[in-house]
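Novice: For the record, in the sequence shown the residue sitting at position 78 is 77 according to numbering that gives the first Met the number 0, with numbers rising by one throughout. Heads up, the beta-carbon is just placed ideally off N, CA and C, and yes, glycines get one too. These numbers come from a predicted model, not from an experiment.
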Amino acid sequence: MVTREEFESAREDLLARREALMHRAEELREQFADSVDSDAVTMATGLALFSGGVAWAVTARARGGRRLGAFVLPTLLILVGAVLAGRGASSRRGTHIAETEQRVRDELSGLDPLARIRVLRDMAGEQLAFLRHTAN
0 MVTREEFESA
10 REDLLARREA
20 LMHRAEELRE
30 QFADSVDSDA
40 VTMATGLALF
50 SGGVAWAVTA
60 RARGGRRLGA
70 FVLPTLLILV
80 GAVLAGRGAS
90 SRRGTHIAET
100 EQRVRDELSG
110 LDPLARIRVL
120 RDMAGEQLAF
130 LRHTAN
């Protein structure tokens, strides 16, 4: 038979191990959450739904399905997938633009004022020339 002291000691040991495991699980969750690119996950989910909808529509058409569900559900999957993929790509592009803008601003801040003005003038001239060319 186990004495009360042994039981309490084993209980305290198990509780301490449980607390350490819970702390480690929280650390791993945070580490995983930081490493996951949510825009890429959104885009991949959208592409998977889109592909599934296309495959379902092709299969339903090949089998000669004439029911409403054979067209509505695949179309719904295609639309939802396209929206998710577009949202993920747009968000990813926005993040890329913001990071690039910050790098350019950091580079420009390292220049003296006259050099900064010259670089900005040259860049603006190039962009205006590009806009004129594309407008014609």
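Is it true that the CB of Thr133 sits closer than 8 Å to the CB of Leu83?
Specialist: Here residue 83 refers to the residue found at position 84 when the sequence shown is read from its first residue. Here residue 133 refers to the residue found at position 134 when the sequence shown is read from its first residue. Not in contact: Leu83 and Thr133 (Cβ atoms no closer than 8 Å).
Novice: Out of Val118, Asp38 and Gly52, state which residue places its alpha-carbon closest to the alpha-carbon of Leu78.
Specialist: What you label residue 78 is simply residue 79 of the sequence shown in a count that begins at 1. Cα-wise, what sits closest to Leu78 is Gly52.
Novice: For my contact list, Phe49 and Ala81 are in at a C-beta cut-off of 8 Å; report their separation, rounded to the angstrom.
Specialist: Numbered from 1 along the sequence shown, position 50 holds the residue referred to as residue 49. Numbered from 1 along the sequence shown, position 82 holds the residue referred to as residue 81. Between Ala81 and Phe49 the Cβ distance is about 6 Å, and since that is below 8 Å, they are a contact.
Novice: Is Thr41 helix, strand or coil when you go by DSSP?
Specialist: As a position in the sequence shown, residue 41 is number 42, starting the count at 1. Thr41: helix per DSSP, three-state reduction.
Novice: Does Phe64 come out as helix, strand or coil in the three-state DSSP assignment?
Specialist: The residue you call residue 64 lines up with position 65 of the sequence shown. The question names Phe, but residue 64 is Gly in the sequence shown. Coil.
Novice: Could you pull out every residue in the same chain whose Cβ sits closer than 6 Å to the Cβ of Thr44, ignoring the five residues on either side in sequence?
Specialist: Position 45 of the sequence shown, counted from the first residue, corresponds to residue 44. If we look at Thr44 and ignore the five residues flanking it on each side, its Cβ neighbours are Leu83.
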